[in-house]
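By the count of our numbering, the sequence shown reaches residue 522 at its end, each step adding exactly one.
The structure appears below as structure tokens.
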Amino acid sequence: MTKIENNSSITRFNLLTIGVALMGIVALLPYRHFLSDDGFIYLRFVRNLTEAGIFSYNLPIPTYGFTGPLWVIILSGVNVLVRDPFITAKIVAFTLSAFTVAAYFRLCHHFVHHTAYAFIATVALVVDPWFAKWMVSGLENPLTLVLLFTSLLLHLRTRGTERVSILAYFLVGLGILSRPEMLIYAGVLILDILIFERSRRALKLLVATICVGLPNLMWIGFAQWHFGTFIPNTILAKSVEAQFRSTYFDTFIRCTQIVAGSTLLPCMAILGLGAVSALRGEFRWSCVTNLLRTYFVPLSWCLVLIAFYVIGRATVSGRYLLAITPIITLLGVAALESLLALLHSSRLRQILATAFGVVLVAQLGFLQYRYTFFVTKWEQGMDPNLIKIATWLRDNTSPHITVASHEIGVLGYFSERRVLDTGGLCSPEFIPELGNAEKLNIHLRSLKPDYIMTDSPFRKLEGAHGELVFAVDVQREGSSALGDVQQYHLTRLHYFEVTHEQPNQ
18 MTKIENNSSI TRFNLLTIGV ALMGIVALLP YRHFLSDDGF IYLRFVRNLT
68 EAGIFSYNLP IPTYGFTGPL WVIILSGVNV LVRDPFITAK IVAFTLSAFT
118 VAAYFRLCHH FVHHTAYAFI ATVALVVDPW FAKWMVSGLE NPLTLVLLFT
168 SLLLHLRTRG TERVSILAYF LVGLGILSRP EMLIYAGVLI LDILIFERSR
218 RALKLLVATI CVGLPNLMWI GFAQWHFGTF IPNTILAKSV EAQFRSTYFD
268 TFIRCTQIVA GSTLLPCMAI LGLGAVSALR GEFRWSCVTN LLRTYFVPLS
318 WCLVLIAFYV IGRATVSGRY LLAITPIITL LGVAALESLL ALLHSSRLRQ
368 ILATAFGVVL VAQLGFLQYR YTFFVTKWEQ GMDPNLIKIA TWLRDNTSPH
418 ITVASHEIGV LGYFSERRVL DTGGLCSPEF IPELGNAEKL NIHLRSLKPD
468 YIMTDSPFRK LEGAHGELVF AVDVQREGSS ALGDVQQYHL TRLHYFEVTH
518 EQPNQ
């Protein structure tokens with residue numbers, strides 16, 4: 018290939034990369050209004066950090082009630098200019114989503130020989146229902162994925178060479194500040210260096226350790242000083258919640274359902290290639306070793322993350338596994354390319370690859386239409402009836418009142434009132450009582466909230482009388498809640514003295 022032809026090929030590839038990035042933006046446009054309840058929790062932190070300079074949900078008390086500190090910092094930095102957290106979240110999310118799609122396309126191209134297969138995997142990514150729903154939902158997914166795909170690509174490009182990618186490992190360190198699970202990914206990369214690197218192994222281990230550890234040690238020190246703890250309330254609260262709401266088997270089944278829904282055809286391609294290789298007698302030790310050397314990082318990351326969730330009995334959702342479903346799709350498309358390479362007819366290979374891509378995209382499109390597209394009708398981000406409760410509080414109560422609730426995102430952002438989070442995410446004092454309803458109610462009673470929002474009729478709080486303000490039907494954003502409308506109740510609380518009769522002497 019001449020230099021001119023090489024430059025022309027690079028130019029076409031760069032233009033195609035820009036094209037798939039724009040395709041990602043277009044695919045996300047229907048979800049431009051949607052913002053999840055947890056996303057609104059982030060926005061309240063962003064607004065308070067921008068206006069008061071404190072990581073706080075209820076000013077002026079510092080609270081470690083978020084999972085991704087880097088996400089809060091980035092949004093707050095942009096919000097200084099935009100001055101609207103909702104718009105800020107959308108601008109940053111769409112921008113990072115475009116870079117995510119571009120990085121994924123280039124990552125796919127690293128593993129496959131033909132650009133067409135990388136394109137098939139990338140189209141599958143942007144049509145994936147969990148990608149469509151969560152990338153611009155106000156949560157940290159776009160930041161996590163762009164750091165994951167970019168760092169993996171940079172690591173693989175320098176793997177086995179004399180070069181050391183400082184940027185790759187620094188991005189991994191930042192990734193941990195986006196999602197704590199990225200610590201597992203950092204461990205996988207370091208293990209990859211230990212096992213497979215032959216060139217400058219010690220230096221790469223040192224650089225990886227410093228680049229991953231430095232930003233996290235700095236944040237841990239700040240968090241301990243600012244919050245009094247370096248462990249997010251979200252981790253503590255959800256670990257307690259998992260003890261009562263989930264089992265190992267429940268988590269495994271849920272992970273299997275989500276992975277199968279997004280990657281059924283890619284998994285079939287992987288199994289198909291394995292079956293053909295076994296029949297051809299290709300599972301010799303040297304072949305297995307080469308396979309592991311090539312795919313160690315993506316395979317280990319997928320398996321270990323699922324094992325981590327199962328061991329922790331996490332109540333996983335599609336956004337939790339969005340860090341691995343695109344990787345499985347990539348592995349499946351790479352397997353498809355190897356499988357079709359066994360055919361002698363190039364025409365037949367093109368037909369089968371096209372058919373695979375069409376069926377894959379059709380399946381993902383159907384899942385998106387069936388399970389996630391319903392959230393696109395909410396122009397303010399969430400069900401208007403839930404927002405109605407919050408705006409009523411904002412417009413009809415004193416700024417000094419307190420509201421208690423387990424669902425605090427929309428409630429806190431739109432009401433602009435002090436919120437007691439009985440789920441413990443932003444009110445960590447409730448975490449010790451999460452498994453004991455009686456103790457939780459006693460603690461709640463001691464704080465005397467003026468209102469309480471519940472997803473069922475208010476029953477009892479010792480020493481308090483409840484006056485129903487109104488009840489509304491709310492459709493939650495979770496795909497498992499589709500069609501299952503909950504009735505949310507806003508109740509005003511009136512307190513009275515509780516007297517306990519003394520037993521007869």
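Beta carbons: idealized from backbone N, C-alpha and C, even for Gly.
Q. From residue 191 to residue 165, what does the alpha carbon distance come to, in whole angstroms?
A. Stepping through the sequence shown from its first residue, residue 191 is reached at position 174. Stepping through the sequence shown from its first residue, residue 165 is reached at position 148. Their Cα atoms are separated by approximately 10 angstroms.
Original post:
Using the beta-carbon count (16 or more within 10 Å), is residue 126 buried or exposed?
Top reply: What you label residue 126 is simply residue 109 of the sequence shown in a count that begins at 1. By the 10 Å Cβ count, residue 126 comes out buried.
Under DSSP, the alpha helix (DSSP H) around residue 54 begins and ends at which residues? For the purposes of this step, residue 54 is taken as the residue at position 37 of the sequence shown. Start and end: 54-69.
Just to confirm before moving on: does the CB-CB distance between residue 346 and residue 120 stay below 9 angstroms?
Position 329 of the sequence shown, counted from the start, is the residue given in the question as residue 346. Position 103 of the sequence shown, counted from the start, is the residue given in the question as residue 120. Cβ distance not < 9 angstroms, so residue 346 and residue 120 don't count as in contact.
How would you write the range of the beta strand (DSSP E) that residue 485 sits in, first residue to last? Stepping through the sequence shown from its first residue, residue 485 is reached at position 468. From DSSP, the beta strand (DSSP E) with residue 485 extends over 481-491.
Note to self: Using the three-state DSSP reduction, which class does residue 96 fall into: helix, strand or coil?
What the structure shows: Mapped onto the sequence shown, residue 96 falls at position 79. Three-state result, residue 96: helix.
Next item on the list: Starting from the Cα of residue 207, find the closest Cα among 158, 240, 113 and 169 and give me that residue.
Entry: For the purposes of this step, residue 207 is taken as the residue at position 190 of the sequence shown. Closest option to residue 207, Cα to Cα, is 169.
Check each candidate in 307, 411, 267 and 358 and name the one with the smallest Cα separation from residue 468. For the purposes of this step, residue 468 is taken as residue 451 along the sequence shown, with counting starting at 1. Closest by alpha carbon: 411.
Check: If you pair each beta-carbon of the stretch 99-117 with each one of the stretch 41-52, do three or more pairs fall below 8 angstroms?
Finding: yes
Q. Do you know offhand how far residue 502's Cα is from residue 29's?
A. Position 485 of the sequence shown, counted from the start, is the residue given in the question as residue 502. Position 12 of the sequence shown, counted from the start, is the residue given in the question as residue 29. Spanning the two alpha carbons is a distance of roughly 49 angstroms.
**Item:** Sub-9 angstroms separation of residue 194 and residue 86 beta-carbons
**Value:** Counted from its first residue, the sequence shown places residue 194 at position 177. Counted from its first residue, the sequence shown places residue 86 at position 69. Their beta carbons are under 9 angstroms apart, which means residue 194 touches residue 86 by this criterion.
Spatial neighbours of residue 328 in its chain, beta-carbon cut-off 6 angstroms, leaving aside the 5 residues before and after:
Translated into the one-based positions of the sequence shown, residue 328 becomes position 311. Excluding positions up to five away in sequence, the list is empty.
Under the DSSP definition of a beta bridge, which residues are partnered with residue 134? Here residue 134 refers to the residue found at position 117 of the sequence shown. According to DSSP, residue 134 bridges with nothing at all.
- prompt: Are there 16 or more other CB atoms within 10 angstroms of the CB of residue 557, so buried, or fewer, so exposed?
  reply: Missing from the structure shown is residue 557; the chain here goes from 18 to 522 and no further.
Measuring alpha carbon to alpha carbon, tell me which of 398, 204 and 197 ends up nearest residue 249. Taking the sequence shown and counting its residues from 1, the one referred to as residue 249 is at position 232. With distances taken between Cα atoms, residue 249 lies closest to 197.
Next item on the list: Pick helix, strand or coil for residue 286, following the three-state DSSP scheme.
Entry: By one-based count along the sequence shown, residue 286 stands at place 269. Three-state result, residue 286: helix.
Report back the beta-carbon spacing between residue 389 and residue 150 to the nearest angstrom; my notes put them in contact at under 8 angstroms. Residue numbering aside, residue 389 sits at position 372 when the sequence shown is read from its first letter. Residue numbering aside, residue 150 sits at position 133 when the sequence shown is read from its first letter. Contact flag correct, Cβ pair sits at about 4 angstroms.
| message | Going by DSSP, what residue range makes up the beta strand (DSSP E) through residue 470? | response | One-based indexing of the sequence shown puts residue 470 at position 453. First-last of the beta strand (DSSP E) with residue 470: 468-471.
* **Residue from 479, 331, 496 and 408 with nearest C-alpha to residue 487** => In the sequence shown, residue 487 corresponds to position 470, counting from 1. Of the candidates 479, 331, 496 and 408, the one whose C-alpha sits nearest the C-alpha of residue 487 is 408.
Length at least 4, wholly inside the stretch 246-333: the alpha helix (DSSP H) runs in chain order
250-262, 265-296 and 302-328
Point to revise | Coil, strand or helix - residue 397 by DSSP | key: Translated into positions along the sequence shown, residue 397 becomes position 380. The answer is coil: DSSP assigns residue 397 none of H, G, I, E or B.
- Query: How about residue 309 and residue 320: are their beta carbons less than 9 angstroms apart?
  - Reply: Taking the sequence shown and counting its residues from 1, the one referred to as residue 309 is at position 292. Taking the sequence shown and counting its residues from 1, the one referred to as residue 320 is at position 303. No. Outside cutoff.
Can you find at least 3 beta carbon pairs, one from the stretch 291-306 and one from the stretch 217-236, that sit closer than 8 angstroms?
no
Helix, strand or coil: which one does DSSP assign to residue 420?
If you number the sequence shown from 1, residue 420 lands on position 403. Strand, per DSSP.
| task | Using three-state DSSP, classify residue 519 as helix, strand or coil. | result | The residue labelled residue 519 in the question sits at position 502 within the sequence shown. Summary for residue 519: the model assigns pLDDT 46, below 50, so the residue's position carries little reliability; its value from the coordinates is reported in the next sentence. If DSSP states are grouped into helix, strand and coil, residue 519 belongs with coil.
Uninterrupted alpha helix (DSSP H) stretches inside the stretch 144-231 (no shorter than 4 residues): 146-151, 158-175, 183-193 and 199-213
Practice problem: May I ask you to report which of helix, strand or coil DSSP gives residue 74? | Solution: As a first step, residue 74 is located in the sequence shown; it is residue number 57 there, counting from the start. Coil at residue 74, not helix or strand.
Note to self: Alpha carbons only, please: which of 455, 74, 226 and 70 is nearest the one belonging to residue 62?
What the structure shows: On the sequence shown, residue 62 is found 45 positions in, with the first residue counted as 1. Answer by Cα proximity: 74.
Item checked: Close-in-space but distant-in-sequence residues of the same chain around residue 175 (CB under 8 angstroms, 5 per side omitted) -> Start at 1 with the first residue of the sequence shown, and residue 175 comes out as number 158. The answer, listed in chain order, is 181, 182 and 185.
Checklist entry - Under 9 angstroms between the Cβ atoms of residue 57 and residue 427? => result Taking the first residue of the sequence shown as position 1, residue 57 is located at position 40. Taking the first residue of the sequence shown as position 1, residue 427 is located at position 410. Yes.
Alpha carbon to alpha carbon, how far is residue 445 from residue 352? Give it in angstroms, no decimals. In the sequence shown, residue 352 corresponds to position 335, counting from 1. In the sequence shown, residue 445 corresponds to position 428, counting from 1. Roughly 47 angstroms separates the two Cα atoms.
Fill in: Residue range of the alpha helix (DSSP H) that includes residue 348
On the sequence shown, residue 348 is found 331 positions in, with the first residue counted as 1. Looking at the DSSP string, the run of the alpha helix (DSSP H) that includes residue 348 is 342-357.
Cut-off 7 angstroms between Cβ atoms - residues of its own chain near residue 66, not counting five sequence neighbours on either side: Residue mapping note: residue 66 aligns to position 49 of the sequence shown, counting from 1. Counting only Cβ-Cβ distances below 7 angstroms, and skipping sequence neighbours, we find 72, 89 and 93.
- prompt: Can you check whether the CB of residue 490 is closer than 9 angstroms to the CB of residue 512?
  reply: Position 495 of the sequence shown holds residue 512. Position 473 of the sequence shown holds residue 490. It is not a contact, given that the beta carbons lie outside the stated cut-off.
Who does residue 435 pair with in a DSSP beta bridge?
-> Working through the sequence shown from its first residue, we reach residue 435 at position 418. In the DSSP output, where bridge partners are listed per residue, residue 435 has 419.
> Quick one: is residue 130 near chain C, going by C-beta distance under 9 angstroms?
Replying inline: Absent from the structure: chain C. Only one protein chain is present.
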